[in-house]
Each structure stands twice: as structure tokens, then as C-alpha cells.
């Protein structure tokens, strides 16, 4: 195994460990803003994968770019669905007056 591959493997494992430790220590209240930031980062990776897919550097680059576009798109869509579901937990249930069509204190 070459020295470069060994260094890259070490950096990958270290990044995974640091990421796991960071995510596990975040309180649940901050998960929604963290997901929004992650969606923004995924958007940047989607743009980069679109550039790679359309670079015209050969068939392998186009295939890898298309796979990257599919993965980044799935990540973004899934992130938005999860964020929407998490935000729905903070919505208030309608009161009896609002369900019956009556005026609430906010309407007055």
C-alpha cells in the first residue's frame, strides 16, 4: 500500500470519527438548523457534480458525474423532507374554536 493511500485512509477515518462525535453531541433542538445547513452544502455538491457530468472529459467522468448528481439530488430531497417533518413537530394543533370556524384571539 502506498504512502499516499495510507494518508488518505487515515484522513477519511479521522473525519468520520470527528463527524460522528460532533453529530452525537448536538442537542435535538439544533437538529433542524443543522439539517438546513447540510442541505445547503449538498446543493454545492450538486452544482459540482453537474459540472463534472458535463465536463466532456470522457465516459467515466460522465458516468461518475451522473451518479454524483443522483446521489446529491437524493440527499437534498431527503433533507428537505426530513426538515419539513421536523418543523411539523413544532406546529401547534388547531384549537377547538379554529376547528369549528370560530374566531381565535389571533384573528381579532
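Numbering (the numbering used here), first residue to last: 7 to 114. Idealized CB from N, CA, C, for every residue including glycine. Since the model is a prediction, treat every value here as computed from it, not as a measurement.
If we cut at 8 Å on Cβ distances, does residue 102 have a partner in chain D?
-> Structure shown: chain D not included; a single protein chain is present.
Pairwise C-alpha distance: residue 98 and residue 49 = 31 Å
Assess, as a yes-or-no matter, whether the region 63-74 is touched by the region 17-31 under the definition of 3 or more beta carbon pairs within less than 8 Å.
-> no
Selection from 70, 62, 101 that minimises the alpha carbon distance to residue 52 = 70
Identify the continuous alpha helix (DSSP H) that holds residue 91 and give its terminal residues.
-> 65-94
DSSP three-state call for residue 101: helix, strand or coil?
-> coil
Through-space distance from residue 90 to residue 55, alpha-carbon basis | 25 Å
Under a Cβ-count criterion, where at least 16 other Cβ atoms within 10 Å of its own Cβ denotes burial, should residue 78 be classed as buried or exposed?
-> buried
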